Every structure is written in C-alpha cells, then in structure tokens.
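Here's the structure we're looking at; comments come further down.
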Amino acid sequence: MLFYAVSAAPPTDKDVVARTLTVTVNGEAREPVSFAADTTDLGEFGVIEGDVVVVVLVDTDDAGNTSAPAEVTFTAADTIPPVAPELGVTLVREE
Ligand SMILES: [Ca+2]
1 MLFYAVSAAP PTDKDVVART LTVTVNGEAR EPVSFAADTT DLGEFGVIEG
51 DVVVVVLVDT DDAGNTSAPA EVTFTAADTI PPVAPELGVT LVREE
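For the sequence shown, this note's numbering begins at 1 and goes up steadily by one.
What follows is the structure, given as structure tokens:
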C-alpha cells in the first residue's frame with residue numbers, strides 16, 4: 001500500500017466556506033470528504049502500486065458557487081528507495 005498526503009494552499013477568496021476533496025481510483029470515486037475553508041492539510045489516502053489516481057479539490061463559497069476543480073492525476077508508484085543498510089568495517093589485526 002502506498003500512502004499519499006494531500007495539501008492545498010489556502011483559498012484566495014475570503015467568502016469560501018468549505019472545500020471538498022474527491023479521490024478517484026481506477027475510475028471509481030471514493031466518498032468525498034469536506035473540510036473547513038481554511039484547511040490546508042487534507043489528510044492521507046492509500047492506494048496500490050499501479051492504481052490510476054485522480055485527486056480533485058473544489059472550493060465552495062457562501063453563496064454556493066463552486067470553483068473550477070484543482071486536479072492532480074498520477075499512477076501510483078513506489079519511488080521511495082530502501083533505507084541505506086548499516087555497514088560496519090572494523091580493524092581486526094596488524095601483521
Ligand atoms: Ca464568491
């Protein structure tokens with residue numbers, strides 16, 4: 001399982017009252033999650049390597065208007081290398 005963190009800049013407009021994040025995996029939308037307008041840390045989600053992921057964030061203002069969607073699309077891939085191994089080299093004798 002690969003976990004991704006989602007963040008967003010604060011809304012530009014002062015009348016934004018909510019933001020809604022939708023994660024779609026391989027064409028299937030997960031349950032949208034709503035946040036307060038000033039939320040910039042939008043949490044984490046997990047997917048499997050090779051999944052095609054679309055992350056969409058929409059802001060809503062106090063009149064009910066919705067922004068154009070901010071969208072990021074990618075294929076999940078493990079790009080995190082292993083931690084370097086611990087290596088010990090010790091002087092053992094003199095000849
Ligand atoms: Ca407005």
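From the three backbone atoms N, C-alpha and C, an ideal C-beta is built for every residue, glycine too.
Computed from a prediction, not measured in an experiment: that's the story for all the values here.
Strictly by DSSP, which residues pair up with D15? Partner(s): none; D15 has no beta bridge.
Quick check on DSSP: helix, strand or coil for T73? strand
Drop a sphere of 10 angstroms on the beta-carbon of R93, count the other beta-carbons inside from all chains shown, and report buried for 16 or more, exposed for fewer. exposed
Quick one: what does DSSP say D61 is sitting in, helix, strand or coil? strand
Could you tell me the alpha carbon to alpha carbon distance between D59 and T79, rounded to whole angstroms? 31 Å
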